[in-house]
Each structure stands twice: as structure tokens, then as C-alpha cells.
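Written out below as C-alpha cells is the structure these notes cover.
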Amino acid sequence: MTTTPLTTSLAAAPQGVNGVALAVFVFFFLAVTVMGFLAARWRKAEQSANLDEWGLGGRSFGTWVTWFLLGGDLYTAYTFVAVPAAIYTAGAAGFFAVPYTILVYPLIFTFLPRLWSVSHRHGYVTTSDFVRGRFGSKGLSLAVALTGLLATMPYIALQLVGIQAVLDVLGVGGGADANWFVKDLPLLIAFAVLAAYTYSSGLRAPALIAFVKDGLIYLVIVVAIIYIPIKLGGFGEIFHAAKDTLAVHGPTGKPRGELASGPNAQWAYATLALGSALALFMYPHSITATLSSRSRNVIRRNTTILPLYSLMLGLLALLGFMAIKAGTDTHGNAQLAIPQLFEDMFPSWFAGVAFAAIGIGALVPAAIMSIAAANLFTRNVYKDFLKPHATPEQEHKVAKLVSLLVKVGALAFVLTMDKTVAINFQLLGGIWILQTMPALVGGLFTRWFHRWALLAGWAVGMVYGTLAAYGVASPTQKHFGGSNAQIPGIGEIGYIGLTAFVLNVVVTVVLTFVLKALKAPEGTDETSPGDYTADVGDAGVTADLPPATAGAPAGH
1 MTTTPLTTSL AAAPQGVNGV ALAVFVFFFL AVTVMGFLAA RWRKAEQSAN
51 LDEWGLGGRS FGTWVTWFLL GGDLYTAYTF VAVPAAIYTA GAAGFFAVPY
101 TILVYPLIFT FLPRLWSVSH RHGYVTTSDF VRGRFGSKGL SLAVALTGLL
151 ATMPYIALQL VGIQAVLDVL GVGGGADANW FVKDLPLLIA FAVLAAYTYS
201 SGLRAPALIA FVKDGLIYLV IVVAIIYIPI KLGGFGEIFH AAKDTLAVHG
251 PTGKPRGELA SGPNAQWAYA TLALGSALAL FMYPHSITAT LSSRSRNVIR
301 RNTTILPLYS LMLGLLALLG FMAIKAGTDT HGNAQLAIPQ LFEDMFPSWF
351 AGVAFAAIGI GALVPAAIMS IAAANLFTRN VYKDFLKPHA TPEQEHKVAK
401 LVSLLVKVGA LAFVLTMDKT VAINFQLLGG IWILQTMPAL VGGLFTRWFH
451 RWALLAGWAV GMVYGTLAAY GVASPTQKHF GGSNAQIPGI GEIGYIGLTA
501 FVLNVVVTVV LTFVLKALKA PEGTDETSPG DYTADVGDAG VTADLPPATA
551 GAPAGH
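Every letter in the sequence shown is one number past the one before it in the numbering used here, and letter 375, counting from 1, is 375.
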């Protein structure tokens, strides 16, 4: 999920090891590791050496598996850590994540079933596959693929940041004075395990583990939302303490935050919520989880029950206020607010359960993201440009190797750069990925847009969004200090990604008129109107065979 930047230092003070909590954490970690490897045998098809099986779980998941998979995919460890940390740091501004996850589900109800249908009819594995088939443009397809890869890499890195926050509070890793290998060894071990079972089991591993992850998170939040307020004197005391603390003026001479957003923050709040809602299902990992479902109706049902996660998110956000009331010492790192709150408020054994929920909450989305990135590279870079006649077996091998390389890159990101860099790049990724929406969602409903106009609009949105984000400063950073800036022509502060998206659409529409007037070649559309409403059982769509072998056009 997109989150607001936290500009505090990301260096934690060393502390002693909590042996009981660590033992509980290790127990759950080992349990899901075993599940990850066993998942390779779960619903395994006879012909498993292809992207449909490894990268999409055989396109066989039903309503509840898809629900847990999408929930595990979208509500990550970093969500668990960063949303309440944003509340802890700045107050009400962090609540934008709640309305945006409410807005997103009516939006996706309109287009995800169409994407599922056309993808299953033609064997599309990625959004770039669809864009290439719809507009007959490998260049536009490559732009969408590279944007997805750029946006996904720092997102994976932030899952490792979530694990690192838990390990810091647990006291493992030798503290800040230890050499780099000892300090990062626990994270290296977690990464190696994640890489191994993802390589072995593909999407089936996070799909199976998501049941444990979401069950633990719901358990921890329900207990926390009841138990912690009782210990702190009730919600009245919590909100009163939060209001007083957030009103204190900081080094900038301004209050730290607000308990409720004032009029000056409304544009920023609304545009960030709307822009984030539009962007969420543009991410490759969201689409990967969607295309793994076995029928169109599975997607439609999920758009109606996924809002249950928004309820969970609202309760989770309140933990930020609880951390303020509890006087949680984050050692200058707001990312540690919630892990440290659990450490301080709960018995050690239940703190271990909470830490396991956060840690496993990092493994599931990191696995899905690496698989989604591997699918993009394999289909839309390797096959489209490097080896057009690659066999399904060759695609399978390349995707597995790329999934490892992506995780190595994310690990290097975390180990070699300041964590604020990863946060800033993830925020920038949200701005970037939104620029793929005209090609993807627009293409699902109309062929009117010209492929060259879509590419030009994408380029304008990418350049404007990047330069505008570069110009945002914060008290601790000269550049990339946030994702809000002044909206041209309006003068209000708003989300850069949404402004870039509007520019993208304007350029696309204007150039489409021009190019059509000039009769520029529009490319070949390999889809037909019936493809967008097809379901399992219709001609050309089957749940038992990869759609590429069930009537898809040659070359796909």
C-alpha cells in the first residue's frame, strides 16, 4: 500500500534479546517455511513447467484462497508498520489509507472482471501482455512493464524493512555496533528462506501462507484494540493524550500533527486517497493475484468482501494513537512504534505472536511481488525482445531465476542504502505506476486511444511526477521529501501522482485526436468484444489448461 513518508531517523538503539518472544517468532517462521515448500505439491498440475502454473498458481484459486492472497498481497508488513507509524508521527494525515482502501473496491469492480476474462481468453500473464495485444505495440507494452518493475523493486525492499523493524525490537542482530554480517544475518536468513520456497513453489507458496498471515494479523489486532485501551485508561484518554502531543510545536515551528485534519490539509488528504486508490491495482503483484483466480465471478465476489480488510486497517491505524499515549520509545525511528508498543504492552509470548504476524506479513507480499516482477521480465522483456520463440519451459526457468535476482536487488537496496531512500522510492513508485492506468483501464473499455498518444502521455506523466517529487523538501531531506506538491493552476497542495495522471490523460486525448486526423497507423487489436465478458466454460476459456493452449492466437 502507498504510505506517507516518515522522515525520522531509521537507526534503532540496541537492546537485549526477548527470548520468549523470539522463540514464538521462530516457531511461526519455521512453520510457514515448511508450508512454503509443501505448497509445491498443492494442486500441482501434470504439466507444471510454465508460467501459468508457477507464476499464476495454475489460475485455479477459488474465492477464499483469492481473498486471502489479495489481502496478503495488499496489506503488507510495511502497512502494518507504516500506517500506525504515520499516525504516531503526524496524526490524522495517516488515516488517508482508510478511505482509499474503501474507494478502491468499487473502482476495481468495474474493470478487474474484464481484465480477468480477456487475460484467460488469450493467455495473458501480465498487464503488459494485454496492452501489447490490445494496441499492437511492443513499445507501449515495454513502457508498462518497465514501470511495473521500477515500482515493485523498492516495494519488495520495504517488506524487508518491516522484518528488520521486528528484528530490531526483538534485539537480534548484535545491535548497531556489530559488524555488518552479524547485524544483518537474521535478515539474510529470512531472505534466503523466502527466496528458496518462492523459487520452488511459485505463487502457491504465498497463497498457502496467506491463511496463516491474515489469521495472525486479525487475531493480534482484535486483541490489541481491546487489551491496550483497557491498560491505557480507555479511548478517551488515548485521544486526549494524542491531541496534546500532536499539538506540540517541533523544530520547524509548526505542530507535529493534528488529531483531525484541518481545512488546509483537505486537498492533500483527498487527492492522496483518490490517487492511491487508482494506483493500487495497477501494481503488478495486485494483477498477478487477480489473474490466479479460477473464474470471473471469483473476482466479482472478492471486490465485495475485500473491504473487510479496510475495517482491519482502520483499527490498525488507531494503534498509532495508542503508542503516543503509552509513551512508546522508538529511539528516533517511528517505524518501531508498533513493534515496540507490542513489546511494552503484551506478555512476551503474545508479543512474539504479534511479531510473527508482521514478519509473515512481509514474506507473503514479498514473494508475490518478486513473482510478478519475474512474470513481467520474462513475458515482456525476455520473450518480446530477447527470445521471441521461447518455449513455456524456458519461460518457466527464466522467471524462477529472475525472481531470485529481484529479491537480491531488494536485499541490496535495504543493506546498502538509508531506509528513507527505500521509502522515497516506494512513494515515487506509486506516482509512476499510476501513469499506466490510461493504457490498462482505458484499453479495457475502448480502443479509441492511439498507442503513440498513450506512450506520450505516459512519458509526460512519468517526467512530471519524477521532477515534482524531486523538488519536494522535508526537514531532513532536500529532495524526494514527500509525495505532495502544489497543483498547477489551482494553487492547493495535492498528491503529485494524481496531477501527473491528469496531465497524462490530457496529453493522451489531445494527441489521439491529432494522430487520428493524420491517419497514423493504430496497430492490430487481437481481442474481440466477447473476450471481455467471457467466463470459464465459454469457448476458448478453460480452468484446466493454460489459456495459451486453449485457443489463444498464435505467438501467445
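Positions of the beta carbon are idealized from the N, C-alpha and C atoms, including for glycine. Since we're looking at a predicted model, the values are computed, not measured.
In angstroms with no decimal places, state the Cα-to-Cα distance between Ala317 and Leu518.
-> 53 Å
Give, in chain order, every unbroken run of the alpha helix (DSSP H) that is at least 4 residues long and sits entirely within the stretch 305-342.
-> 308-325
Please report how far the alpha carbon of Met35 lies from the alpha carbon of Leu69, in whole angstroms.
-> 15 Å
Counted within 10 angstroms of its Cβ, other Cβ atoms place Ser137 as buried (16 or more) or exposed = buried
Three-state class that DSSP yields for Phe390 in the structure shown | The amino acid at residue 390 is misidentified as Phe; the sequence shows Ala. Of the three classes helix, strand and coil, the one that applies to Ala390 here is coil, per DSSP.
Separation of Val32 from Leu545, as counted between CA atoms | Annotation note: pLDDT 43 at Leu545 (below 50); position unreliable, coordinate value reported separately. Approximately 29 Å, taken between the alpha carbons.
So does the stretch 343-357 actually touch the stretch 262-279, counting three or more Cβ pairs closer than 8 Å?
-> no
Hey, quick one: how far does the beta strand (DSSP E) through Ala485 stretch, first residue to last?
-> Asn484 to Gln486
Considering only C-alpha positions, which residue in the set Ala210, Ile324 and Val364 is nearest to Leu232?
-> Ile324
Pair within 7 Å by beta-carbon distance, Leu112 and Thr290 | yes
According to DSSP, which residues form a beta bridge with Glu258?
-> Gly91
Please classify His450: is it buried, with 16 or more other beta-carbons within 10 angstroms of its beta-carbon, or exposed?
-> buried
Start and end of the alpha helix (DSSP H) containing Gly465?
-> Arg451 to Tyr470
Counting only beta-carbon atoms, is Gly457 nearer than 7 Å to chain D?
-> Absent from the structure is chain D; it holds one protein chain and no more.
Would the beta-carbon of Asp361 fall within 7 Å of that of Phe28?
-> For the sequence presented, residue 361 should be read as Gly rather than Asp. For Gly361 and Phe28, no; Cβs fall outside 7 Å.
Environment of Lys44 [buried if 16+ CB atoms lie within 10 Å] = exposed
Of the residues Leu315, Leu51 and Leu140, the one placed nearest Met437, counting alpha carbons only = Leu140
Name the two residues that bound the continuous alpha helix (DSSP H) containing Tyr283.
-> No alpha helix (DSSP H) contains Tyr283, which DSSP labels as neither H nor E.
Could you check the C-alpha separation between Ala143 and Asn375 for me, to the nearest Å?
-> 15 Å
Determine the burial state of Ala534: buried for a count of at least 16 other Cβ atoms within 10 Å of its Cβ, exposed for fewer.
-> buried
Between the beta-carbon of Ile108 and the beta-carbon of Thr303, is there less than 7 Å?
-> yes
Looking at the structure shown, is Gln426 part of a helix, part of a strand, or coil, going by DSSP?
-> helix
Gly494, enclosing beta strand (DSSP E) - first and last residue | Ile493 to Tyr495
Which same chain residues, not among the five before or five after Ile238, have their C-beta less than 7 Å away from its C-beta?
-> Pro229, Leu232, Phe321, Met322 and Lys325
Rounded separation between Gly359 and Leu216 - CA only | 11 Å
What are the boundary residues of the alpha helix (DSSP H) that Asn375 is part of?
-> Ser348 to Phe377
Helix, strand or coil for Lys80, going by three-state DSSP, please let me know.
-> This sequence places Phe at residue 80; Lys is not what is there. It is helical.
Length of the line joining the Cα atoms of Ala77 and Gln159 | 6 Å
From Trp454 to Thr66, what does the alpha carbon distance come to, in whole angstroms?
-> It is Leu, not Trp, that sits at residue 454 in the sequence shown. Distance between the alpha carbons of Leu454 and Thr66 is about 31 Å.
Contacting residues, own chain, Cβ-Cβ under 6 Å from Ala40 (five flanking each side not counted) | Ser200 and Ser201
Cα-Cα, which of Ala157, Val83 and Thr89 is closest to Val414?
-> Ala157
DSSP on Gln47, reduced to helix/strand/coil?
-> coil
Contact under 7 Å by Cβ, Tyr532 with Gly275 = no
When the Cα of Phe61 is compared with those of Leu306, Ser528 and Arg294, which residue comes out closest?
-> Arg294
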